[in-house]
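The next block holds one structure in the form of structure tokens; read it before the comments.
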Amino acid sequence: IASAEVKWDRWSGLVMLLPHGYEGAGPEHSSCRIERFLELCGNDNMQVVYPTTAAQTFHMFRRQMKRDFRKPLIVATPKSMLRTNTSHIAELADGTFREIIDDPACEGGHGVEKTLDRNKVSRVLLCSGKVYHELVKRRDEIRRDDTAIVRIEQVYPLHTEALGEIIGRYPKKAELAFVQEEPRNMASYLFVADQLSQEMGIASLPYIGRAASSS
1 IASAEVKWDR WSGLVMLLPH GYEGAGPEHS SCRIERFLEL CGNDNMQVVY PTTAAQTFHM
61 FRRQMKRDFR KPLIVATPKS MLRTNTSHIA ELADGTFREI IDDPACEGGH GVEKTLDRNK
121 VSRVLLCSGK VYHELVKRRD EIRRDDTAIV RIEQVYPLHT EALGEIIGRY PKKAELAFVQ
181 EEPRNMASYL FVADQLSQEM GIASLPYIGR AASSS
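Note that the working numbering has the sequence shown beginning at 1, numbered continuously upward.
So this is what it looks like as structure tokens:
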């Protein structure tokens with residue numbers, strides 16, 4: 001999967017939908033081992049994606065089929081999101097796959113009310129996957145209007161230019177941190193932190209999540 005193109009000049013459009021997420025379904029459902037695929041990423045050899053909406057999933061599949069080249073596609077797929085309303089019909093009919101998604105509460109549209117003032121944001125949280133919906137639910141419950149949540153939908157290749165543009169919309173003094181439900185040594189955090197350091201000059205990316213674990 002990781003080396004076929006560089007070793008043997010063979011394209012692959014393989015799509016892997018791997019169970020993932022802390023949902024009480026046992027360890028084989030808790031981790032698709034995103035970090036292991038990310039360790040093998042290089043030379044744009046594959047795509048590692050953790051979409052958060054039905055529209056994103058649709059456009060992800062459409063993009064995979066419509067492209068004039070082939071790359072393996074690794075997708076983290078939580079079961080809980082099968083039962084979560086995540087998209088407006090207009091998002092399926094229009095648009096494309098978005099590798100980075102800014103906080104809808106700062107933008108509004110597609111049935112989402114604009115409730116946050118960017119100028120008042122003091123913390124910007126980066127995350128991937130279903131934890132986004134849990135963070136938004138908790139933010140609404142405690143009525144926090146100073147925290148924005150930005151989604152990294154495609155972890156590799158990481159679109160650092162788009163990420164930098166979105167981060168730049170918020171006050172320079174706003175704290176930046178990464179949130180994940182997986183242990184610190186798993187999933188996307190260490191990879192994203194390294195990418196932000198190497199590509200964007202962000203030397204330190206604070207972490208919010210579980211401690212490192214062996215399982």
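C-beta atoms are modelled at their ideal positions from N, C-alpha and C, and glycine is treated no differently.
Taking a contact to mean a Cβ-Cβ separation below 8 Å, would you say residue i touches residue j in this structure?
i    : j    : result
S31  : M186 : yes
D148 : D103 : Contrary to the premise, residue 148 reads as Ala rather than Asp in this sequence. Yes, Cβ-Cβ distance for A148 and D103 is below 8 Å.
I101 : E153 : yes
L135 : V192 : no
A174 : S122 : yes
R70  : W8   : no
T52  : T86  : yes
D145 : K172 : no
L176 : L126 : yes
E99  : H159 : yes
S204 : V155 : no
G95  : H59  : yes
A80  : E23  : Sequence inspection shows Ser at residue 80; the Ala mentioned does not correspond to that position. Result yes, Cβ atoms of S80 and E23 sit closer than 8 Å.
T84  : H133 : yes
Using DSSP's beta-bridge definition, name the partner residues of residue i.
i    : result
Y207 : F178
P19  : T77
P183 : R210
I101 : R151
For residue i and residue j, which I take to be in contact (beta-carbon distance under 8 Å), what is that distance rounded to the nearest angstrom?
i    : j    : result
V48  : I34  : 6 Å
Y50  : S128 : 4 Å
R169 : A212 : No, R169 and A212 are not in contact; Cβ-Cβ is about 32 Å, not under 8 Å.
I74  : F37  : 5 Å
V112 : V150 : So it is not a contact: roughly 15 Å between Cβ atoms.
P72  : M46  : 4 Å
K130 : G209 : Not a contact, Cβ separation roughly 14 Å.
Helix, strand or coil, according to DSSP, for residue i in the structure here?
i    : result
A55  : helix
R138 : helix
T147 : strand
G109 : strand
Y132 : helix
R63  : helix
I1   : coil
L116 : coil
R70  : coil
L14  : coil
Which residue comes first and which comes last in the alpha helix (DSSP H) that contains residue i?
i    : result
Y189 : Y189 to M200
C32  : No alpha helix (DSSP H) holds C32; DSSP gives it neither H nor E.
L40  : Premise fails: L40 is in no alpha helix (DSSP H) and is neither H nor E.
V6   : A4 to W8
T160 : T160 to I167
L92  : I89 to A93
Could you give the residue range of the beta strand (DSSP E) that holds residue i?
i    : result
V48  : Q47 to V49
V155 : Q154 to Y156
L125 : R123 to C127
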